[in-house]
Every structure is written in structure tokens, then in C-alpha cells.
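Take the sequence shown: its position 90, counted from the start at 1, is 90 in UniProt numbering, and no numbers get skipped.
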Amino acid sequence: MKFAEPLESQRLSFLLENAASREDHKWKAYTPKKPPPGCQDTDISPVQRDEAVCWLIDLHDTTRLYPETLSLAISILDRFLATVKARPKYLRCIAIACYFLAAKTNEEDERVPLLRDLASSSGCGCSPSEILRMERIVLDKLNWDLHSPTPLEFLHIFHALVLSCKSQLLVGLLGCNLSQHLCMLTRQLHSCLADSTLLQGLSRGSMLALALITLDLENICPDWLALTIHLLRKAQIDSSELIRCRELVSRRLSTKEASLPPNNTVYIYRPSRPSPSLAPGPCDQEGEPNIRLRSLVEEMEVDEFYDGIKRLYNEENWGAPEGAAVTAEGQGFGGGDVLPTRQEVNNSPCPPLQPVSLT
Numbered sequence: 001m002k003f004a005e006p007l008e009s010q011r012l013s014f015l016l017e018n019a020a021s022r023e024d025h026k027w028k029a030y031t032p033k034k035p036p037p038g039c040q041d042t043d044i045s046p047v048q049r050d051e052a053v054c055w056l057i058d059l060h061d062t063t064r065l066y067p068e069t070l071s072l073a074i075s076i077l078d079r080f081l082a083t084v085k086a087r088p089k090y091l092r093c094i095a096i097a098c099y100f101l102a103a104k105t106n107e108e109d110e111r112v113p114l115l116r117d118l119a120s121s122s123g124c125g126c127s128p129s130e131i132l133r134m135e136r137i138v139l140d141k142l143n144w145d146l147h148s149p150t151p152l153e154f155l156h157i158f159h160a161l162v163l164s165c166k167s168q169l170l171v172g173l174l175g176c177n178l179s180q181h182l183c184m185l186t187r188q189l190h191s192c193l194a195d196s197t198l199l200q201g202l203s204r205g206s207m208l209a210l211a212l213i214t215l216d217l218e219n220i221c222p223d224w225l226a227l228t229i230h231l232l233r234k235a236q237i238d239s240s241e242l243i244r245c246r247e248l249v250s251r252r253l254s255t256k257e258a259s260l261p262p263n264n265t266v267y268i269y270r271p272s273r274p275s276p277s278l279a280p281g282p283c284d285q286e287g288e289p290n291i292r293l294r295s296l297v298e299e300m301e302v303d304e305f306y307d308g309i310k311r312l313y314n315e316e317n318w319g320a321p322e323g324a325a326v327t328a329e330g331q332g333f334g335g336g337d338v339l340p341t342r343q344e345v346n347n348s349p350c351p352p353l354q355p356v357s358l359t
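Written out as C-alpha cells, the structure reads:
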């Protein structure tokens with residue numbers, strides 16, 4: 001299956017090639033360093049690194065900054081940890097400094113949070129001056145080069161390439177608009193970035209983005225395989241590496257979804273109804289006789305209510321008082337015009353209607 005190459009697709013191909021070339025020089029996944037023999041210093045473990053990334057994700061949800069800011073902060077953090085050996089007690093300070101650098105790089109000036117507010121709201125346990133000192137250390141170790149391609153950048157390019165080929169088809173199959181679909185993929189990407197075990201098996205971050213979008217295409221698009229081959233050729237990624245990455249990503253996402261609370265719980269509101277006190281029967285514990293008895297009581301209340309309505313509008317054949325004849329219309333003659341009264345016992349909650357003589 002061969003896809004056309006319009007001007008938009010050519011532009012996306014150029015962006016993909018440019019990002020891939022920069023990724024070859026700057027992509028670094030975090031790998032813990034082994035301390036030399038006899039050294040008591042401990043390096044930051046993968047679990048501690050993942051906890052710091054999850055903490056940044058929670059912080060990002062409160063600051064409401066661009067998702068590119070979070071992705072760049074994680075990239076700066078991994079590049080710094082891959083370059084130097086840091087102690088775990090400085091990890092929060094390193095993480096908040098990377099996030100502040102990413103915010104100043106990607107956000108507009110008016111959207112960059114104040115450092116003192118960020119330090120207090122994040123609960124990092126560092127003062128603004130300590131964050132600034134750590135920020136300078138990060139910049140020096142990375143040679144002041146923060147513009148590294150992130151997996152989110154590749155995700156945007158791959159998503160646009162798919163839309164350039166199958167835009168009308170995907171709009172009908174997604175069940176949501178394109179921005180919501182990209183937002184869902186972005187959240188999945190950030191969840192995968194918090195798994196250092198997954199990242200250590202990747203040769204580059206673009207493979208993570210391609211695995212995510214091809215897994216999603218497999219669920220929604222009938223010809224997902226042709227689209228996957230098209231993206232593989234564009235990204236120049238080996239198919240065996242993509243298959244392995246897809247397995248890791250699928251396992252990560254399934255574990256993440258299983259740990260989340262169910263979001264489809266249905267709550268049914270049942271208003272309490274006053275019921276007369278009844279003597280408990282031998283089958284009260286079973287529940288079903290009580291339900292039947294409650295239904296019978298409700299039917300009796302409804303019947304009594306409609307009896308009062310019928311009596312009010314004279315819709316039944318009521319018994320006339322003595323000395324009065326009742327016509328087909330229910331009007332009494334002979335002893336004065338009176339309203340008829342019912343002969344049987346009145347069980348209605350409404351007060352009985354009294355005859356009124358007309359003068």
C-alpha cells in the first residue's frame with residue numbers, strides 16, 4: 001500500500017528527519033552506575049528515579065503547564081543523571097530544578113511560575129536559592145544545551161503523519177476529537193516515561209512514541225499494519241525493535257490500568273418512603289416477602305389517592321342521601337341540590353365532602 005506525498009507530508013518527513021538526527025546525539029536513558037569497590041556512596045536507584053518522575057507528573061497536574069514542559073523536564077533529568085553521579089538526598093532538588101528550566105524554555109514569560117511559589121507548592125524541601133544553585137549545576141553539566149528532542153515531539157510528528165494519510169477515517173473511528181485523542185496518548189507516554197526499566201531497553205525515545213501510536217492504531221484502524229509499515233520507513237526503525245518495544249509498552253499500560261480504581265461505578269439513588277409499622281413475619285429475613293408487602297402497601301396508597309380524586313370530581317356512581325334521586329349525571333333532586341356521599345366506608349386520607357344546601 002503506497003501513500004501519497006503531499007506538501008504537508010513532505011514537511012512532516014523533514015521534521016522527523018531533523019528530530020531523529022538530533023536524537024542520535026542527545027538521547028540518553030538513565031542507567032544506574034555501579035559504585036567502585038570500597039565506596040560507601042550510593043547512586044540514585046531506578047526506583048528512586050521513577051518516584052521522582054511520578055512526583056513531577058503530579059506537580060505538573062497542579063501547575064497546568066504545557067505537556068511539552070513535563071516531557072522536557074524528564075529529558076533534562078535523565079540526561080543529567082546519565083552524566084553525573086548524584087546522591088538520593090539531592091534528587092528532589094535536581095528534579096524541581098529541571099522542571100523550572102523546562103518551564104523557562106517552553107512556556108511564555110507570563111506563564112512561568114515564580115520560583116518561591118513553585119518551591120513552596122511543590123513541597124520539594126528546598127529553598128529558592130538552593131534550586132537556583134542546582135539549576136546552574138545542571139546547565140553546566142549539559143553545556144547549556146536543553147533543546148533535545150523528546151518522545152512527545154516524535155509523538156506529535158507520528159500523529160500528524162497518520163492524520164495526513166487517514167484523517168477522515170480516523171475521525172470517524174476515534175469516538176472523540178483529535179485533540180482529545182492526542183491528549184490521551186500524551187498521558188500514556190508520560191506514564192511510560194516513569195518506568196526506567198522500559199526506557200533502558202530502548203535505543204532511542206522515538207521508538208517509544210511509535211510503539212504507543214501503533215498500539216492505538218491496532219485497536220481502532222482496520223489497516224493499522226500498512227500505517228505501521230509506513231511509519232517504520234519514515235522513522236527508519238527496525239521492525240524487531242518496534243515489536244519488542246510494543247510488548248514492553250503494552251505490559252506497562254495494562255499494569256497501569258489494572259492499578260487504577262474503576263471509573264464506571266453507577267450510583268442508584270433510592271429515596272426513602274414512609275411505610276407503616278408492620279409486625280415482622282417469619283420470612284422477613286429473606287427480603288422478598290418484605291418487598292412484596294411494601295409494593296402492596298404502595299398500591300393501596302395509590303388507590304386511596306385516586307379514590308379521593310374521583311370523589312372530588314364526582315366520577316363514580318355515588319350513593320345519594322335519603323329523599324334524593326340520583327340521575328345519570330350524578331345530580332340529586334327532591335331534597336335540594338346536594339353533593340352525594342359514598343355509602344361504603346371512607347378510607348381516603350382526604351376529609352369527607354359535606355353536603356351544601358343552595359339558597
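The C-beta atom is built at its ideal place from N, Cα and C for all residues, glycine as well.
Cα separation between Asp78 and Lys28? 7 Å
Gln180 versus Leu225 - alpha carbon distance: 23 Å
Closest Cα partner of Val84 within the set Ala73, Cys183, Ile44, Phe100: Ile44
Which parts of the UniProt domain "Cyclin-like" (54-140) are runs of the alpha helix (DSSP H), unbroken and 4 residues or longer, counting only runs that do not cross its ends? The DSSP assignment places 67-83, 91-106, 115-122 as complete runs of the alpha helix (DSSP H) inside the UniProt domain "Cyclin-like" (54-140), in order along the chain (cut-off: 4 residues).
Would you give the residue range spanned by the alpha helix (DSSP H) that His147 belongs to? Bounds of any alpha helix (DSSP H) do not take in His147, whose DSSP letter is neither H nor E.
Determine the direct distance from the alpha carbon of His190 to that of Ile57, and round the result to whole angstroms. 8 Å
Counting Cβ pairs closer than 8 Å, one from the region 230-249 and one from the region 191-210, do we hit at least three? yes
CA-CA distance, Val53 and Val162? 29 Å
Apart from the five residues on each side of it in sequence, which residues of its chain come closer than 7 Å, Cβ to Cβ, to Ala103? Leu65, Thr69, Val112, Pro113
Within its chain, find whatever has a CB closer than 6 Å to the CB of Thr228; leave out the 5 residues flanking it on each side and keep chain order. Thr214
With a Cβ-Cβ cutoff of 8 Å, do Ile157 and Leu15 count as a contact? yes
Residues in the same chain with beta-carbon distance under 8 Å from Glu107, minus the five sequence neighbours each way, listed in chain order, please. Leu65, Tyr66, Thr69
Opening and closing residue of the alpha helix (DSSP H) in which Lys234 lies: 224-235
Length of the line joining the Cα atoms of Tyr99 and Leu115: 11 Å
I'd like the list of long-range same chain contacts for Lys141, defined as Cβ closer than 8 Å, with 5 residues on each side in sequence excluded. Phe80, Thr83, Val84
So Val138 and Ala97 are in contact, right, with Cβ under 8 Å, and what is the actual spacing, rounded? 6 Å
Taking 8 Å as the cut-off, decide whether the C-beta atoms of Leu210 and Gln188 are in contact. no
May I ask you to report which of helix, strand or coil DSSP gives Ala194? coil
Using a Cβ-Cβ distance cut-off of 8 Å, determine whether Thr228 contacts chain C. No chain C appears in the structure shown, which is made up of a single protein chain.
If you follow the alpha helix (DSSP H) that Thr42 is in, where does it begin and where does it stop? Per DSSP, Thr42 is not a residue of any alpha helix (DSSP H), being assigned neither H nor E.
With DSSP collapsed to three states, give me the class of Lys256. Here Lys256 sits in helix by DSSP.
When the Cα of Ser13 is compared with those of His230, Lys256, Arg252, Arg246, which residue comes out closest? His230
Return yes when the Cβ of Ala160 is within less than 8 Å of the Cβ of Thr50, no when it is not. Thr is not the amino acid found at residue 50; the sequence shown has Asp there. Cβ distance not < 8 Å, so Asp50 and Ala160 don't count as in contact.
Outcome for His60 when other beta-carbon atoms lying within 10 angstroms are tallied against a minimum of 16: buried
Asn219: first and last residue of the uninterrupted alpha helix (DSSP H) it sits in: 205-220
Proximity to Leu152 [Cα-Cα], best of Ala95, Ser250, Gln10, Glu23: Glu23
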